[in-house]
Amino acid sequence: MIIIGIDPGYAIVGIGVIEYTGNKFRPIEYNAITTHAAMSTSLRLKKIYEEINMYLDKYNPDAVAIEELFFNTNAKTAIAVAQARGVLVVSVTNRNIPIYEYTPLQIKQAVTGYGRADKQQIQQMVKLLLNLRQIPRPDDAADALAVAICHAHSSGINDRLGTNRL
């Protein structure tokens, strides 16, 4: 199963592509889609749309997993990230690829076994689970790999119960 994990953002969208077969992980690619603050909102969203389409075309994933948004402060940032997340969801949906969303708590539990794990613990476990030499950079790519790992651990349950599907 090829899974693309997405850590949604406006300036940086983390992308993590893994293969999950027989309870074994194989990292395929991790990277980030970046947009610059000097760009207009519409051009930033267009860039995100075009680049996620390139990943979808390149890997033709069996599933896409995306982190659910959680904001408790800056409403302006939340709106921009929500717009970018919407563009990502539409792109995946246009291709009829199953898309699943996971909360930060679900991702932390799936990757580390502890729902209050900090960023460093998650990154170390991503490195360990994927047998990488170093922690993936940027941080957003490591987060996206964690989302993909979360889906791999949850996919059988979600398919049977129909949960977490957008």
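If you count the sequence shown from 1, position 3 lands on 2 in numbering that gives the first Met the number 0, and the numbers rise without skipping.
Using N, Cα and C, we set each Cβ at its ideal position, and we do this for glycine too.
C-alpha gap between residue i and residue j, whole angstroms
i	j	result
R159	V86	Per-residue confidence for R159 stands at a pLDDT of 47, beneath the threshold of 50, marking its modelled position as unreliable; the derived number appears in the next sentence. So the two alpha carbons sit approximately 28 Å from each other.
Q123	F24	15 Å
I11	K57	20 Å
V89	G21	30 Å
A109	V125	11 Å
N52	P7	14 Å
Y54	R115	31 Å
L165	G4	14 Å
G15	I78	24 Å
Y113	S153	15 Å
I106	A145	7 Å
L127	A37	37 Å
H150	Q133	22 Å
D142	Y29	10 Å
Y9	V80	5 Å
N93	Y48	11 Å
Y19	L131	15 Å
M0	Q120	26 Å
L129	T76	31 Å
D117	I17	22 Å
T111	A74	30 Å
L13	K45	The residue you asked about is not Leu; residue 13 is Gly in the sequence shown. G13 and K45: Cα-Cα distance of roughly 16 Å.
E66	E50	18 Å
Bridge partner(s) assigned by DSSP for residue i
i	result
E18	I1 and R25
N30	I14
D166	Because the chain here runs from 0 to 165, residue 166 falls outside it and cannot be looked at.
R164	Y99
A64	G4 and Y99
Counted within 10 angstroms of its Cβ, other Cβ atoms place residue i as buried (16 or more) or exposed
i	result
N163	buried
S39	exposed
A83	buried
L42	exposed
A147	buried
L104	exposed
Legend entry - Three CB pairs or more closer than 8 Å across the segment 129 to 148 and the segment 28 to 44: Yes: the two stretches touch, three or more of their Cβ pairs being nearer than 8 Å.
Legend entry - Every unbroken beta strand (DSSP E) within the segment 86 to 152, with a cutoff of 3 residues, ordered by chain: Counting whole runs of 3 or more residues, the segment 86 to 152 contains the beta strand (DSSP E) stretches 98 to 101.
Inset, instruction - Evaluate the contact criterion for the segment 57 to 67 versus the segment 92 to 110: three or more CB pairs, one atom per stretch, below 8 Å. - result: The segment 57 to 67 vs the segment 92 to 110: in contact.
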